Each structure stands twice: as structure tokens, then as C-alpha cells.
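Here is the structure we will look at, set down as C-alpha cells.
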Amino acid sequence: MGTGLITVRRDPRLLPIGGFLRMTKINELPQILNVIRGDMSIVGPRPLVEKGVSAYPENIRNKIYESKPGITGIGSVIFRDEEMLLSNTKMDKTDYYNKMIMPYKGELEMWYHKNKSLTVDFWIIFLTAWAIINPKTKLPFKVFKALPKREM
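Just so you know, the sequence shown maps onto residues 513 to 664 in this note's numbering.
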């Protein structure tokens with residue numbers, strides 16, 4: 513049932529309340545406990561299961577978790593519409609995720625790794641809230657002009 517580790521819009525595995533929680537990102541709030549315990553930060557690469565991490569190109573996989581995983585990150589902001597992209601692709605969804613989404617997310621995480629600072633983190637927090645309100649926003653590319661370009 514569904515697409516395995518990949519969640520698409522109107523995924524049959526989600527109850528309506530789960531869809532609402534995912535859409536509004538309320539489901540991320542319990543991770544604040546992980547931040548308080550010191551296991552996560554507010555901003556950083558999103559934690560992934562092993563299968564998700566293995567979709568990153570190897571050079572990125574070796575670098576990505578030199579930062580603590582975060583509740584939000586530049587990949588979360590840019591891919592606010594990931595479920596929609598997966599739902600609308602004509603490609604096999606797993607192939608699309610592994611060949612199109614993950615390499616670009618990896619580039620974004622490498623960008624963050626090279627540019628992380630308190631200022632960048634504050635902007636990412638603001639842009640996360642902004643992307644929840646305005647999912648099709650292009651503001652991250654205006655704020656961070658050196659971000660890798662999104663071609664999908």
C-alpha cells in the first residue's frame with residue numbers, strides 16, 4: 513500500500529488528521545524535545561532513515577551529518593512541495609525521488625554545510641514559516657542568491 517518510504521499527496525496510508533498534521537507541519541513539534549535533549553538542532557539537515565541517506569551521492573553522504581540533524585533545513589524549505597512533486601511526476605516515484613530530488617537536496621545540504629551561520633539559521637527559520645504559509649514561494653532564492661538552482 514502506498515509508495516514505501518516516500519509519501520505522496522493523498523497517500524492512502526494517511527488518515528485525514530495525519531494529512532492535516534503533515535500539511536501544517538504540526539507533526540514536527542515533538543522534535544522540540546530532541547532539541548532540548550541536544551540530539552537535534554532547530555536548523556540542520558533533516559534526519560533520514562538509512563534508505564533515504566543512501567539516496568544521497570556518496571561524496572555528500574560522507575559530509576552531510578557533520579552537522580546535527582535539524583527540525584528544519586534548507587532542503588525542507590526548498591522542497592516544501594515534495595509530496596506534490598512526487599504525486600505529479602510521470603516517472604516511477606522512487607526513481608524520481610532517488611534521481612531528481614535527493615541529488616538536489618544533497619547539493620542544498622552541502623550549501624548549508626559551507627554557509628551555516630547564525631544569520632543563515634535565522635533566515636531558514638523565517639523561510640520555513642513563510643513556506644508553510646506560501647508553499648510556492650521563490651523567496652529562498654532571493655534571500656540566498658548562491659543556492660544551487662532548482663531545475664525540476
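Just so you know, even glycine gets a beta-carbon here, dropped at the ideal spot from N, CA and C. A quick note: this is a predicted structure, and the numbers were derived from the prediction, not measured.
- Reduced DSSP category for S629 - H, G, I as helix; E, B as strand; rest coil: Along the sequence shown, one-based indexing puts residue 629 at 117. Looking at S629 - three-state DSSP - the assignment turns out to be coil, as it is neither helix nor strand.
- Roughly how far, in whole angstroms, is the beta-carbon of I586 from the beta-carbon of Y624, given that I think they are within contact range, below 8 Å? Here residue 586 is taken as the residue at index 74 of the sequence shown, counted from 1. Here residue 624 is taken as the residue at index 112 of the sequence shown, counted from 1. The Cβ separation is near 5 Å, so the contact holds.
- Per DSSP, cross-strand counterpart(s) of T640: Position 128 of the sequence shown, counted from the first residue, corresponds to residue 640. T640 is not bridged to any residue.
- Message: If I follow the unbroken alpha helix (DSSP H) through V589, where does it start and stop?
- Response: Looking up residue 589 in the sequence shown gives position 77. First-last of the alpha helix (DSSP H) with V589: 586 to 590.
- Item | Close-in-space but distant-in-sequence residues of the same chain around N600 (CB under 6 Å, 5 per side omitted) | Indexing the sequence shown from 1 puts residue 600 at position 88. Close CB contacts of N600 within its chain, under the 6 Å cut and outside five residues either way in sequence, are absent.
- Message: Distance check for Y609 and R662, CA to CA, integer angstroms please.
- Response: Locating residue 662 in the sequence shown gives position 150, counting from the first residue. Locating residue 609 in the sequence shown gives position 97, counting from the first residue. Approximately 14 Å between the Cα atoms of the pair.
- Message: I'd like to know if the region 578 to 596 and the region 548 to 566 are in contact, where contact means that at least 3 CB-CB pairs between them fall below 8 Å.
- Response: Taking 8 Å as the limit for Cβ pairs, the verdict is that the region 548 to 566 does touch the region 578 to 596.
- Give the range of the alpha helix (DSSP H) segment to which I529 is assigned. Taking the sequence shown and counting its residues from 1, the one referred to as residue 529 is at position 17. It spans 528 to 536 - the alpha helix (DSSP H) in which I529 sits, taken as one unbroken run.
- Item | Length of the line joining the Cα atoms of L597 and I637 | Here residue 597 is taken as the residue at index 85 of the sequence shown, counted from 1. Here residue 637 is taken as the residue at index 125 of the sequence shown, counted from 1. The C-alpha of L597 lies about 23 Å from the C-alpha of I637.
- Straight-line CA distance for W642 to E540? Sequence index remark: in the sequence shown, residue 642 carries index 130 (1-based). Sequence index remark: in the sequence shown, residue 540 carries index 28 (1-based). So the alpha carbons of these two residues sit roughly 16 Å apart.
- Task: Identify the continuous alpha helix (DSSP H) that holds S599 and give its terminal residues.
- Result: For this step, residue 599 is matched to residue 87 along the sequence shown. 594 to 600 is the extent of the alpha helix (DSSP H) around S599.
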